[in-house]
Each structure stands twice: as C-alpha cells, then as structure tokens.
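Engineer: Per numbering that gives the first Met the number 0, the very first residue in the sequence shown carries number 0; after that it's consecutive.
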Amino acid sequence: MGFIVQEEENDVVLEPPPNFSMVEEGIYRSSFPQRCNFAFLETLNLRSIIYLCPEPYPEENMEFLRSHNIRLFQFGIEGKTEPSLATLRDAIRGALKILIDVRNHPVLIHCKRGKHRTGSLVGCLRKLQNWCLSSVFEEYQSFAGIKSRSADLRFIETFDIICLRQCLHSIIYQYQGYGSKKRRLLYREETVQKPQITSV
Numbered sequence: 000m001g002f003i004v005q006e007e008e009n010d011v012v013l014e015p016p017p018n019f020s021m022v023e024e025g026i027y028r029s030s031f032p033q034r035c036n037f038a039f040l041e042t043l044n045l046r047s048i049i050y051l052c053p054e055p056y057p058e059e060n061m062e063f064l065r066s067h068n069i070r071l072f073q074f075g076i077e078g079k080t081e082p083s084l085a086t087l088r089d090a091i092r093g094a095l096k097i098l099i100d101v102r103n104h105p106v107l108i109h110c111k112r113g114k115h116r117t118g119s120l121v122g123c124l125r126k127l128q129n130w131c132l133s134s135v136f137e138e139y140q141s142f143a144g145i146k147s148r149s150a151d152l153r154f155i156e157t158f159d160i161i162c163l164r165q166c167l168h169s170i171i172y173q174y175q176g177y178g179s180k181k182r183r184l185l186y187r188e189e190t191v192q193k194p195q196i197t198s199v
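#1: Specify, as a first and last residue, the run of the beta strand (DSSP E) that residue 72 falls within.
#2: Could you compute how far the alpha carbon of residue 62 sits from the alpha carbon of residue 121?
#3: What would DSSP say about residue 0, mapped onto helix, strand or coil?
#4: Which residues in the same chain as residue 95 place their Cβ atom closer than 8 Å to its Cβ, once the five residues preceding and following it in sequence are excluded?
#5: Beta carbon of residue 112: closer than 7 Å to some heavy atom of the ligand NAP?
#6: Out of curiosity, what's the CA-to-CA distance linking residue 130 and residue 22?
#7: Count the other C-beta atoms from every protein chain shown that fall within 10 angstroms of the C-beta of residue 33, then say buried if there are 16 or more, exposed otherwise.
#8: What whole-angstrom Cβ distance do residue 14 and residue 39 have, given they're in contact under 8 Å?
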C-alpha cells in the first residue's frame, strides 16, 4: 500500500512499512523500515523509534535517524528462539517505560515483521490501558495471523502491570478513552528519573 503526494513536477510515492498501523495518537507500529519507507516515515515527524531486535541497526537506517534527529531505543529480544521469561519481561518493561512517556512521541515500534515482538509490547500496553484480554488477543492475532504464538499470548496474559506502575516513579499514565485526546501522561519534571535504556 502506498500514498501519492502531488508536488510541482514529480509525484512522490509514500510507502509505509509492511504491517504499519497507528496504535493510537502518537504511537505507531510496523515491520522493519526499508529505504523505500523513509519518505513515509518523514511524514510522521518521529521523535523516537523502539527497536525490539538484538541485531545492530543498519547504518543506512541510522543515517536516516541522525538526519531527522530521531532517537533510537533498542531492546534486543530474540525472535527465532524463545527468550527466557526474565529477559523478555525486563525488555518489555523497559520498552513500556519509553513508550508511555509522551516526551518520546511520536514513536514507532518495530521488530522484523511487526508481528510477535511488536505485538507483545502493544499487548502489554493495552493491559496497562485496561483493555479486556479478549480484545488484546484479537488485536495481536490480527497482525500475527496464522503465525500467532501461544507463548506470546501467555506472556501478555501473565504480564504484571502492577509491578510496572510501581517502578514508573512519578510518571502517571491516564487513559481517556477513544476520543481525539486518547492518552495523556502527567509527570513532574523535577522528580522523573531518566530511564535506563540500551540505545545505539
């Protein structure tokens, strides 16, 4: 799927990465962006990217991030082999701290295919938003399709959002429904501690 933007002499085709979608205002998800997707990403005015793979970010993509002043947060989660529960829990918890802080928005979440690791992170976000579990699973499966992983669904179901809330310090998440102002973070700048991240 692509979008065509009319310019004076040339037509610019804006092609989103596969599995691209808006999670909600200021939060997007997709598969791994390629060069052909860069023009589309420019239209999002991203501040941050949350990358959920352990492999180094390609230099071509890093150059795009540097040229647009986009910050990269990397949380390396294995995709081919099932990571340990503790490793996965710590990575998702760290990514959520970045994701729910509006100072990092607009933000794009991606892994390789935009299905399992990205779906797990979004699923845990939905739990934090008090979505019912059946709706969380339905959204996950709409992106994962026939490759839905029961281990991911079990992880989302058992993910401890109470523990996450306790370690967010003074960052308070306030979900406001489905209107144009869906979500707001209220925080006291003087007491917020900088999250510990792995960045490139």
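C-beta: ideal position from N, C-alpha, C; glycine also. All figures in this text were calculated on a predicted structure; none of them were measured in a lab.
Structural biologist: In short, the structure shows the following:
#1: 70-73
#2: 27 Å
#3: Because residue 0 carries a pLDDT of 47, less than 50, the predicted location of this residue cannot be relied on, and the following value inherits that uncertainty. Residue 0: coil per DSSP, three-state reduction.
#4: 120, 123, 124, 127 and 163
#5: This structure does not include the ligand NAP; it has no bound ligands of any sort.
#6: 13 Å
#7: exposed
#8: 6 Å
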